[in-house]
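Numbering (this note's numbering), first residue to last: 1 to 161.
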């Protein structure tokens, strides 16, 4: 009788505990995959330029230095903050010609997309074009921040030419 009770108790324990273990393993697997992707994603702000005028524009060149490839869809969903350091705002993405309060990028085959595969590969550079909402004067300090959808971000402050 003790043997039967022991087998039944073990079966109940397995039925109750095993699903909880599998769901925990799944959660850790997902978190690990997301962390791995973030760790392999890296980019560097290579150079910046902002011209002073009533119709200002900032050109920021960013190089993918991580081991992860970044799709154009991910670039399109990225966040860009740009403007004077005391009044910068989040710019909205446009696939057309950017106007005040918008940003776009250049990623053309041959010049920036070196292998013409329409993916931001390691070693390739994109040119971000940001149009702030306020005029810029020569000597103004400006702030730029680029954030990918997975949270990897870089920022820089520089001076208007």
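Note that beta-carbon positions come from the ideal geometry of N, C-alpha and C, so glycine has one too. Note that this is a predicted model, so its numbers are computed, not measured.
Identity of the residue in the options nearest residue i by Cα
i, options, result
"residue 108", "101, 102, 116", "116"
"residue 64", "44, 8, 56", "44"
"residue 130", "5, 94, 121, 11", "94"
"residue 144", "153, 136, 157", "157"
"residue 39", "135, 96, 153", "153"
"residue 70", "88, 110, 83, 150", "150"
"residue 61", "54, 55, 53, 49", "49"
"residue 160", "146, 79, 134", "134"
"residue 137", "99, 85, 113, 118", "85"
"residue 118", "46, 11, 72, 3", "72"
Counted within 10 angstroms of its Cβ, other Cβ atoms place residue i as buried (16 or more) or exposed
i, result
"residue 124", "buried"
"residue 104", "buried"
"residue 51", "exposed"
"residue 68", "buried"
"residue 91", "buried"
"residue 121", "exposed"
"residue 16", "exposed"
"residue 132", "buried"
"residue 12", "exposed"
Distance between beta carbons of residue j and residue i, contact taken as under 8 Å
i, j, result
"residue 42", "residue 127", "That belief does not hold up - the Cβ atoms of residue 42 and residue 127 are roughly 18 Å apart, past 8 Å."
"residue 146", "residue 80", "6 Å"
Residue i (DSSP reduced to helix, strand or coil)
i, result
"residue 117", "coil"
"residue 76", "helix"
"residue 8", "helix"
"residue 142", "strand"
"residue 2", "helix"
Identified DSSP bridge partners for residue i
i, result
"residue 64", "43"
"residue 59", "49, 129"
"residue 105", "128"
"residue 136", "53"
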